[in-house]
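Engineer: Input: one structure, supplied below.
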Amino acid sequence: MNRELHATDDSTGGGAAFVPPVTDSSVVTLTIPCTAEYVGTARLTILGVASRMGFSYDQVEDIRLAVGEACTNAIARAEASPNTMPATITIRSHVEPTQLIVEIEDTVATPSSSTDLDKSISEEMNSAELGALLMEILVDEVTLQTSASGTHVKLIKYAGARASAVV
Amino acid sequence: MESAASMNLKVTPIPVQGGIVALDLEGEVDVYTAPLLRQEIMNQVEKGTKYILVHLEKVEYLDSTGLGILIGGVKRLKEQGGALKLVGPSPRISRIFDITGLNRIFDVYATQTEALASVG
């Protein structure tokens with residue numbers, strides 16, 4: 008059975024001593040403006056989702072950071088993009104018994120010319136590279152698809168017997 | 255008036271001794287709040303500060319944006335003949351340094367006393 012939950016569903020009631028096992032699939036969806044001030048909101052939502060799945064503290068933090076990095080990457084591209092239309096980021100979390108799949112999809116148009124993305128400031132280049140590296144290391148699977156209308160990142164973190172944490 | 259960004263990150267410069275300033279960070283360093291840190295590092299460089307000790311004891315979250323700014327700070331201070339040093343990161347933050355290999359780039363100390371002892 009699939010259940011759709013929206014991020015406005017306030018079912019967080021503080022820390023629970025018992026985490027019941029996930030027995031079916033649920034989807035939690037959040038859409039935020041592609042601007043820096045809302046990345047914290049995305050992190051809070053994924054924190055709530057991952058915390059209910061029995062992940063360890065380190066695993067939850069890994070997921071939170073990886074999702075944050077995907078959002079940050081979208082925001083950096085939006086700021087560099089000549090597109091004047093406001094972009095959005097949709098974070099779709101698929102809660103499954105043995106894994107958490109998080110899809111981060113943005114609507115940042117990809118410039119046709121690569122020179123538009125010229126980042127001569129080494130700090131930004133370092134950040135982008137570090138962000139990609141962190142995503143690769145912190146979750147079990149990462150896939151990325153880019154199109155003219157946006158980028159789709161898929162992060163998978165295994166739970167239960169398949170679970171691993173970065174050591 | 256405190257800005258929205260400063261509500262999630264507080265950056266307090268604290269003079270230590272001649273040419274050395276400690277930056278006390280409290281909160282989360284991400285794409286939204288990191289400009290505060292960048293600005294304060296730049297302020298210190300412009301003032302002629304040679305050594306900056308960035309205190310991370312109260313930093314709960316640090317992402318690639320923050321890491322990039324710290325890397326930039328290391329470079330700028332080195333160009334000035336000084337250094338940027340990190341003090342007291344939590345195990346979680348230290349882990350990020352380790353998995354990214356930045357533990358080889360950053361000078362990290364458990365306490366300010368140790369950091370000051372390393373200043374040439």
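As they're listed, the protein sequences go chains A and B.
Take the first sequence: its letter number 145 is residue 152 in our numbering, and every next letter is one higher.
Take the second sequence: its letter number 22 is residue 276 in our numbering, and every next letter is one higher.
Virtual Cβ for every residue (Gly too), placed ideally from N, Cα, C.
Judging by CA-CA distance, which residue of 266/B, 270/B, 265/B is the nearest neighbour of residue 370/B?
Structural biologist: Numbered from 1 along the second sequence, position 116 holds the residue referred to as residue 370/B. Of 266/B, 270/B, 265/B, the residue nearest in Cα terms is 270/B.
Engineer: Considering residue 179/A, what are the terminal residues of the beta strand (DSSP E) in which it resides?
Structural biologist: This structure cannot settle anything about residue 179/A, because the visible part of chain A is limited to 8 through 174.
Engineer: Can you find a CB in chain B that lies within less than 8 angstroms of the CB of residue 102/A?
Structural biologist: Position 95 of the first sequence, counting from 1, holds the residue named residue 102/A. No - not a single Cβ of chain B is within 8 angstroms of the one on residue 102/A.
Engineer: To test your reading of the DSSP string, which unbroken beta strand (DSSP E) runs of 3 or more residues are found completely within the stretch 312-364 of chain B?
Structural biologist: Runs found: 337-341, 361-363.
Engineer: Short of 8 angstroms Cβ to Cβ, which residues in the stretch 303-327 of chain B face chain A?
Structural biologist: Residues passing the 8 angstroms Cβ filter: 315, 317, 318, 319, 321, 322, 323, 325, 326.
Engineer: Would residue 368/B be called buried (16 or more neighbouring beta carbons within 10 Å of its own) or exposed?
Structural biologist: Within the second sequence, the letter at position 114 stands for residue 368/B. Exposed: under 16 other Cβ atoms inside 10 Å.
Engineer: Can you pull the chain B neighbours of residue 46/A, defined as C-beta to C-beta under 9 angstroms?
Structural biologist: As a first step, residue 46/A must be located in the first sequence, where it is residue number 39. 284, 285, 286, 317, listed in chain order.
Engineer: For residue 341/B and residue 347/B, what's the separation of their Cα atoms in angstroms?
Structural biologist: Here residue 341/B corresponds to residue number 87 of the second sequence, with the count starting at 1. Here residue 347/B corresponds to residue number 93 of the second sequence, with the count starting at 1. Going from the Cα of residue 341/B to the Cα of residue 347/B covers about 11 angstroms.
Engineer: Relative to the C-alpha of residue 106/A, which candidate in 144/A, 67/A, 40/A, 116/A has its C-alpha closest?
Structural biologist: Numbered from 1 along the first sequence, position 99 holds the residue referred to as residue 106/A. Selected option, being the one with the closest Cα: 67/A.
Engineer: Tell me whether residue 268/B is buried or exposed, calling it buried when 16 or more other Cβ atoms sit within 10 Å of its Cβ.
Structural biologist: Working through the second sequence from its first residue, we reach residue 268/B at position 14. Exposed, since its Cβ has fewer than 16 Cβ neighbours within 10 Å.
Engineer: Under DSSP, the beta strand (DSSP E) around residue 276/B begins and ends at which residues?
Structural biologist: Locating residue 276/B in the second sequence gives position 22, counting from the first residue. Unbroken beta strand (DSSP E) run through residue 276/B: 274-283.
Engineer: For a cutoff of 8 angstroms on Cβ pairs, would you count residue 79/A as touching chain B?
Structural biologist: As a working mapping, residue 79/A is identified with position 72 in the first sequence. Taking Cβ atoms only, chain B reaches closer than 8 angstroms to residue 79/A, which makes this a yes.
Engineer: So which of 140/A, 99/A, 55/A, 51/A has the shortest CA-CA distance to residue 35/A?
Structural biologist: By one-based count along the first sequence, residue 35/A stands at place 28. When only C-alpha atoms are compared, the closest one is 99/A.
Engineer: How about residue 102/A and residue 32/A: do their beta carbons lie closer than 8 angstroms?
Structural biologist: Numbered from its first residue, the first sequence carries residue 102/A at position 95. Numbered from its first residue, the first sequence carries residue 32/A at position 25. Cβ distance < 8 angstroms, so residue 102/A and residue 32/A count as in contact.
Engineer: Are residue 43/A and residue 265/B closer than 8 angstroms when you measure CB to CB?
Structural biologist: Counting from 1 along the first sequence, the entry for residue 43/A is found at position 36. Counting from 1 along the second sequence, the entry for residue 265/B is found at position 11. No, Cβ-Cβ distance for residue 43/A and residue 265/B is not below 8 angstroms.
Engineer: Going by C-alpha distance, which of 144/A, 140/A, 41/A is nearest residue 92/A?
Structural biologist: Taking the first residue of the first sequence as 1, we reach residue 92/A at position 85. Looking at the Cα atoms, 41/A is the closest of the given residues.
Engineer: Pick helix, strand or coil for residue 79/A, following the three-state DSSP scheme.
Structural biologist: Against the first sequence, residue 79/A aligns to sequence position 72. Residue 79/A falls in the helix class under three-state DSSP.
Engineer: Run through DSSP, which three-state label would residue 134/A get?
Structural biologist: In the first sequence, residue 134/A corresponds to position 127, counting from 1. Here residue 134/A sits in helix by DSSP.
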